[in-house]
Each structure stands twice: as C-alpha cells, then as structure tokens.
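One point on numbering: in the working numbering, the residue at position 146 of the sequence shown is 146, and numbering is uninterrupted.
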Amino acid sequence: MKFSWPVYIALAVVGGLSFLAASYFATADFERALYGSPATLALIGALYQILRDHSQHEKARALQQSDQHFILGITSHMADVAFDKHVEFCEKYMTQMQKTLSTLFQDGPSGNCLELSSQLANIRLSSRTWLTADIQNKILPFEEALTQIAGRHIMLNNLPVGDERTKVVQEMHNTFADVLGLTRLEARGENDASVAPRVIMDHLQDILGVKQLVQLRIKLVDQSVKTLEKNS
C-alpha cells in the first residue's frame, strides 16, 4: 500500500509541537487542553488518512485485477482463435450474401433460392462451433426467407389460376421484397426488417466489434491531433 508520507510527516510535526507545548508551556489545565487539541486533531487526521490510503489501495488493486483479467481474456490463445474464426465466417458469409443478392436481382424469385439458402447454411454450419445461438438466430431469418421463396415458387407449379395461387404469388413477392429491401406493394403490409441484408450485415459487424473498433480509432486519432496541437 502506498502511504501519503508528506501528510503523515506534517501531522506528526503538528502533533509533536502540540504535545511539547502542552507539556512545557501550559501551566493550567485549560492551557494544556488548548495546546493539546492540535495533537488530538493530528491523530484524527492521521487515522483518516490511513483509511483514505487503504481505500485508494483497494481501488487500485481492484482495477489492476480487472486489467489483468481483461488482458488475459484478449491475449489468450482461445480468444485469438475465436476472433480469427469469427473473421473468417463473416468474410465468407458476407461474400456469399452479396453473390446471393446479385443472383436474386438477376433471376427474381425462383426455385434457385433453395440452393442459395443452402450455400449460406453450409457456411454457417461449418462455423457453428464458434457461433453463439444468439448470432445464429439473427442471421437465420435471411436463410429462411430464401427457403420460403423457393417453397412458394415450387407450390405454384401445382396450383391452378385462382385466389389461392394469387395469395401464394403475393406472399412470395412480399418475402422477395423483404430480402432485397424493396418496398412492398400497397396494402400488402410492412416490410420484415429482420431479413433485410443491411440488418444481417450489421449483425455480422457486431460480431467482430467493427463499429466499436472504428469509433475507438476515430477517438484515438482525435486525441492524438489535440495532443499535437497542444504541444505545437
């Protein structure tokens, strides 16, 4: 524990002088009490300072332990491996998602969506050891939407022209609009934001802490510039 020695020395000097004054110069009880009061206050001050130093020591110790746990967490081998796996997964998944969107814009809603969904699912399943349930639940709606489009497209082959077929077509195009981030036709309800590609990409960025890292970099650069301006 680090002691505030200047404070203790000052209090000791005050207490010592007060004790000497009370012992050698006071001739009455009232004078002894008066001359000795600084010594009493110095003793109280010393006790207070000891408690304060102890409190600061405990805070510093707790902060040090917290830093050690943090450093251990981010520098451990498993943490490095997990982060590398997350980077690999996100790069593969986002690349495949871009290919999927390009195919959808080119071909429109079709039975090929089942293959597109399967390709994304294979990437996800190959990395499932490193993905939490929360992460998978956030990206699954996109894959499920593609599967729904394919399923409804297949249903159309067995449905005659009529209300039921029209309903399936509308549902398929609504889901297709959700996937591509397009506006649904009037009176067909609001878009399902959970399957929008930008939402999925936001989730993938959150996995890696991309936004936080960018914000941290901006803050560090800003602080560096301010320091240079201050020293120049």
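For each residue, glycine too, the CB sits at the ideal point set by N, CA and C.
- Message: Measuring straight from C-alpha to C-alpha, what distance separates A150 and V179?
- Response: 13 Å
- For D202 and K211, the rounded distance between their alpha carbons: 9 Å
- Message: Pop quiz: I139 and R124 are said to be a contact at Cβ under 8 Å. What is the actual Cβ separation, rounded to whole angstroms?
- Response: 7 Å
- State the Cα-Cα distance for the pair T95 and T103, rounded to the nearest angstrom. 13 Å
- contact_flag[the segment 111 to 121, the segment 80 to 92] where n(CB pairs < 8 Å) is 3 or more: no
- Return the first residue and the last residue of the alpha helix (DSSP H) that S118 is part of. 113 to 126
- Item | Per-residue DSSP class, three states only, for T103 | helix
- Task: Could you tell me the boundaries of the alpha helix (DSSP H) in which N231 lies?
- Result: 210 to 231
- Task: Grab the span of the alpha helix (DSSP H) containing L156 for me, first residue to last.
- Result: 133 to 156
- Message: Beta-carbon within less than 8 Å of H153's beta-carbon, same chain only, minus the 5 sequence neighbours each way: which residues are those?
- Response: P109, S110, G111, C113, M172
- Task: Name the residue from L131, Q98, K99 whose alpha carbon lies nearest to the alpha carbon of F89.
- Result: L131
- Task: Report the rounded CA-to-CA distance for L159 versus K219, giving the unit in angstroms.
- Result: 59 Å
- Task: Leaving aside the five residues before and after E164 along the sequence, list all residues of the same chain whose C-beta is less than 7 Å from its C-beta, in chain order.
- Result: none
- Query: Under the three-state reduction of DSSP, which class applies to L159: helix, strand or coil?
  - Reply: coil
- Item | Three-state class that DSSP yields for K92 in the structure shown | helix
- Item | Own chain partners of K288 with C-beta closer than 7 Å, once the 5 adjacent residues on each side are dropped | This structure cannot speak to residue 288, because the chain is shown only from 1 to 232.
- How many angstroms separate the CA atom of V168 from the CA atom of D222? 54 Å
- Query: Expressed to the nearest angstrom, what Euclidean distance is found between the alpha-carbon atoms of F105 and D80?
  - Reply: 38 Å
- Enumerate in chain order the residues of its own chain whose CB-to-CB distance from T147 is below 8 Å, with the five nearest sequence positions on each side excluded. C113, L114, S117
- Message: Could you compute how far the alpha carbon of K226 sits from the alpha carbon of Q205?
- Response: 29 Å
- Looking at C-alpha atoms only, which residue of Q215, Q170, E143, I135 is the closest neighbour of L101? E143
- Message: Quick check: what's the CA-CA separation for I135 versus E229?
- Response: 43 Å
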